[in-house]
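In our numbering, the protein residues as written are 43 to 384. Heads up, the beta-carbon is just placed ideally off N, CA and C, and yes, glycines get one too. To start, the structure itself, in structure tokens.
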Ligand SMILES: Cc1cc2nc3c(=O)[nH]c(=O)nc-3n(C[C@H](O)[C@H](O)[C@H](O)COP(=O)(O)OP(=O)(O)OC[C@H]3O[C@@H](n4cnc5c(N)ncnc54)[C@H](O)[C@@H]3O)c2cc1C
């Protein structure tokens, strides 16, 4: 059976997805199943790899490893003929409605471009903490609050967000402190009042070490010799949004630096879409997957409309009419009755 992509310029893909994390893979599965010629280009640093047991993704009552989710997603997309390349796109430009992407290894061209490049959560600047990432050091209370119920929790941070994190964590544990790690508190008066009203202890000294064994935090050591028993830490140091490619194409960003999108994940640049944590959506796997699917559907619809406008669908139909059976056979009613009786 002939496919639409068979008639296209082989040098230019219908769709390229930059980013093979949760959003990119979800989009690729939809695009592959829509018979779109799709390439995923990925540099291999999905944040999902940091989560050993994802407990809030639909359909996995006992949880699923982030790596496993990615592996399965890749397999599923490959099953629908999506191609994969490991590369890092360094720059992008657009010429006559074609995006030209320059990777470390190669140059790629595409009619539609989906950026699913994600973000990077900044870990706290504390010695010894990196080994505990995703095991006893977390960034997100929606992802990990539930699993630390009843434990001793330190929120590392010195801004309003840190205070709100501490207040939010009270649902999960009575034992919550804020540690500013030698930073001057930057929270406003209202947040300071809340800290006092809810009697949340604040430790302002520098954290000199994180005592941990087998990735499990046991205590925080503070300058001056105090040691506080802590089981889990959450940090609110901020994120780096991977928006460089969007900025090159002059896509609009919001005031937090995330790529602005409409409900169908279209950016302000025609033909350019974005999905996942690089957009203003809450940074959750299931949301990233949903956004990837929404972007793919919009891309598919836009390419379909373009094929009507440019008559490329008509050219495709001409090949079908020439080479394939296009009218269902007529079966006489007598033959049908005979078949039924048998
Ligand atoms: C420690 C930790 C625990 C978490 N736990 C949970 C949890 O339990 N539940 C939950 O829902 N969420 C959790 N998250 C959040 C989850 O990981 C993200 O929501 C999800 O990975 C976002 O998907 P994404 O596709 O937007 O980005 P990612 O999955 O991060 O994928 C982005 C991809 O783009 C690639 N990329 C970026 N720039 C380029 C480029 N220029 N060229 C080529 N490739 C590029 C990257 O290499 C990466 O593979 C956790 C995050 C962390 C850090």
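Exercise. Using a threshold of 6 Å, is the CB atom of residue 64 nearer than that to any non-hydrogen atom of ligand 1?
Worked result: As a working note, residue 64 is residue 22 in the chain shown. Yes, since a heavy atom of ligand 1 falls inside the 6 Å radius drawn around the Cβ of residue 64.
Exercise. Beta-carbon separation of residue 59 and residue 158 under 7 Å?
Worked result: For the purposes of this step, residue 59 is taken as the residue at position 17 of the chain shown. For the purposes of this step, residue 158 is taken as the residue at position 116 of the chain shown. The answer is yes: Cβ separation under 7 Å.
Exercise. Given that a residue counts as buried once 16 or more other Cβ atoms are within 10 Å of its Cβ, and exposed if not, what is residue 191?
Worked result: Locating residue 191 in the chain shown gives position 149, where the first residue counts as 1. Exposed, by the Cβ-count rule.
Problem set entry | Residues of its chain near residue 156, where Cβ-Cβ distance is below 6 Å and the 5 sequence neighbours each way are ignored | Residue numbering aside, residue 156 sits at position 114 when the chain shown is read from its first letter. Cβ within range, chain order: 59, 69, 315, 337.
Exercise. Starting from residue 215 and walking both ways along the beta strand (DSSP E), at which residues does that stretch end?
Worked result: To locate residue 215, count along the chain shown from 1; it is residue 173. No beta strand (DSSP E) holds residue 215; DSSP gives it neither H nor E.
Exercise. In chain order, which continuous runs of the alpha helix (DSSP H) of length 4 or greater are located wholly inside the region 220-307?
Worked result: 231-239, 286-290
Exercise. Just reading off the alpha helix (DSSP H) that residue 76 is part of, what are its end residues?
Worked result: Taking the first residue of the chain shown as position 1, residue 76 is located at position 34. That residue, residue 76, is in no alpha helix (DSSP H); it is neither H nor E in DSSP.
Exercise. Taking the C-alpha atoms as reference points, what is the distance between residue 286 and residue 85?
Worked result: Stepping through the chain shown from its first residue, residue 286 is reached at position 244. Stepping through the chain shown from its first residue, residue 85 is reached at position 43. Rounded to the nearest angstrom, the two C-alpha atoms are 14 Å apart.
Exercise. Does at least one heavy atom of ligand 1 sit under 6 Å from the Cβ of residue 368?
Worked result: Working through the chain shown from its first residue, we reach residue 368 at position 326. It does not: the Cβ of residue 368 is nowhere closer than 6 Å to a heavy atom of ligand 1.
Exercise. Taking 6 Å as the cut-off, does the CB of residue 213 come closer than this to any heavy atom belonging to ligand 1?
Worked result: To locate residue 213, count along the chain shown from 1; it is residue 171. No - ligand 1 has no heavy atom lying nearer than 6 Å to the Cβ of residue 213.
Problem set entry | Top-ranked residue by Cα proximity to residue 210, from 225, 242, 296, 230 | Against the chain shown, residue 210 aligns to sequence position 168. Distance check between residue 210 and each of 225, 242, 296, 230 places 242 closest, using alpha-carbon atoms only.
For this session: Work out the CA separation of residue 133 and residue 291 for me, nearest whole Å.
Result: Your numbering for residue 291 matches position 249 in the chain shown. Your numbering for residue 133 matches position 91 in the chain shown. Their Cα atoms are separated by approximately 9 Å.
For this session: May I ask you to check if the CB of residue 319 is nearer than 6 Å to at least one heavy atom of ligand 1?
Result: The sequence position of residue 319 within the chain shown is 277, counting from 1. For ligand 1, at least one heavy atom lies less than 6 Å from the Cβ of residue 319.
Exercise. Roughly how far, in whole angstroms, is the beta-carbon of residue 188 from the beta-carbon of residue 214, given that I think they are within contact range, below 8 Å?
Worked result: For this step, residue 188 is matched to residue 146 along the chain shown. For this step, residue 214 is matched to residue 172 along the chain shown. The C-beta separation of residue 188 from residue 214 comes to about 7 Å, placing the pair in contact by the 8 Å criterion.
For this session: Can you have a look at residue 162 and say buried or exposed, based on whether 16 or more other CB atoms are within 10 angstroms of its CB?
Result: Your numbering for residue 162 matches position 120 in the chain shown. So residue 162 ends up on the exposed side.
Exercise. Can you name, in chain order, every residue of its own chain whose Cβ lies under 6 Å from the Cβ of residue 118, other than the five neighbours on each side?
Worked result: Translated into the one-based positions of the chain shown, residue 118 becomes position 76. Closer than 6 Å at Cβ, skipping near neighbours: 71.
For this session: Return the CA-CA distance between residue 301 and residue 307, expressed in angstroms with no decimal places.
Result: What you label residue 301 is simply residue 259 of the chain shown in a count that begins at 1. What you label residue 307 is simply residue 265 of the chain shown in a count that begins at 1. Residue 301 and residue 307 have their C-alpha atoms roughly 10 Å apart.
Problem set entry | Residues that residue 84 bridges to, as DSSP identifies them | Walking along the chain shown from the start, residue 84 turns up at place 42. Looking at the DSSP assignment, residue 84 forms a beta bridge with 128.
Problem set entry | Residues near residue 288 by beta carbon distance below 6 Å, same chain, minus five either side | Position 246 of the chain shown, counting from 1, holds the residue named residue 288. Closer than 6 Å at Cβ, skipping near neighbours: 157, 301.
Exercise. Residue range of the beta strand (DSSP E) that residue 181 falls in?
Worked result: Here residue 181 is taken as the residue at index 139 of the chain shown, counted from 1. That residue, residue 181, is in no beta strand (DSSP E); it is neither H nor E in DSSP.
Exercise. Any heavy atom of ligand 1 within a distance shorter than 6 Å of the CB on residue 326?
Worked result: Taking the first residue of the chain shown as position 1, residue 326 is located at position 284. Checking the 6 Å criterion, the Cβ of residue 326 is within range of a heavy atom belonging to ligand 1.
Exercise. How many angstroms separate the CA atom of residue 382 from the CA atom of residue 329?
Worked result: Taking the first residue of the chain shown as 1, we reach residue 382 at position 340. Taking the first residue of the chain shown as 1, we reach residue 329 at position 287. One C-alpha to the other measures close to 50 Å.
Exercise. Is residue 185 near ligand 1, going by C-beta to nearest heavy atom under 6 Å?
Worked result: Locating residue 185 in the chain shown gives position 143, where the first residue counts as 1. Yes, the beta carbon of residue 185 sits closer than 6 Å to at least one heavy atom of ligand 1.
Problem set entry | Paired residues, beta bridge with residue 151 - DSSP | Position 109 of the chain shown, counted from the start, is the residue given in the question as residue 151. Beta-bridge partners of residue 151 (DSSP): 142.
Exercise. Is it right to say residue 325 is buried, meaning 16 or more other beta carbons lie within 10 angstroms of its own, or is it exposed?
Worked result: Walking along the chain shown from the start, residue 325 turns up at place 283. The residue in question, residue 325, is buried, as its Cβ has 16 or more Cβ neighbours within 10 Å.
Problem set entry | Span separating the alpha-carbon of residue 144 from that of residue 48 | On the chain shown, residue 144 is found 102 positions in, with the first residue counted as 1. On the chain shown, residue 48 is found 6 positions in, with the first residue counted as 1. Each residue's alpha carbon lies about 24 Å from the other.
Problem set entry | Status (buried if at least 16 other CB within 10 Å, exposed otherwise) for residue 153 | Here residue 153 is taken as the residue at index 111 of the chain shown, counted from 1. Buried is the call here.
For this session: Rank 150, 151, 179 by C-alpha distance to the C-alpha of residue 164 and give the top, closest one.
Result: Reading the chain shown from its first residue, position 122 is the one you call residue 164. Comparing Cα positions, the closest option is 179.
Exercise. Pick from 202, 50, 254, 305: whose alpha carbon is nearest that of residue 277?
Worked result: Position 235 of the chain shown, counted from the first residue, corresponds to residue 277. Per the Cα distances, 202.
Exercise. Does ligand 1 have even one heavy atom less than 6 Å from the beta-carbon of residue 280?
Worked result: What you label residue 280 is simply residue 238 of the chain shown in a count that begins at 1. Outside the cutoff, so no.
For this session: Measure how close the beta-carbons of residue 82 and residue 124 come, nearest whole angstrom, since I'm counting them as under 8 Å.
Result: Your numbering for residue 82 matches position 40 in the chain shown. Your numbering for residue 124 matches position 82 in the chain shown. With 8 Å as the limit, residue 82 and residue 124 qualify as a contact, their Cβ atoms being about 6 Å apart.
Problem set entry | Among 103, 198, 146, 234, nearest to residue 218 - alpha-carbon criterion | By 1-based counting over the chain shown, the position of residue 218 is 176. Taking residue 218 as reference, the option from 103, 198, 146, 234 with the minimal CA-CA separation is 198.
Exercise. Of all the options 333, 267, 182, 262, which has the alpha carbon lying nearest to the alpha carbon of residue 67?
Worked result: Walking along the chain shown from the start, residue 67 turns up at place 25. The shortest C-alpha separation from residue 67 is found at 333.
Exercise. How about residue 89: is its Cβ closer than 6 Å to a heavy atom in ligand 1?
Worked result: Reading the chain shown from its first residue, position 47 is the one you call residue 89. Yes, ligand 1 has a heavy atom inside 6 Å of this Cβ.
Problem set entry | Rounded separation between residue 113 and residue 121 - CA only | Counting from 1 along the chain shown, the entry for residue 113 is found at position 71. Counting from 1 along the chain shown, the entry for residue 121 is found at position 79. The alpha-carbon atoms of residue 113 and residue 121 are separated by roughly 12 Å.
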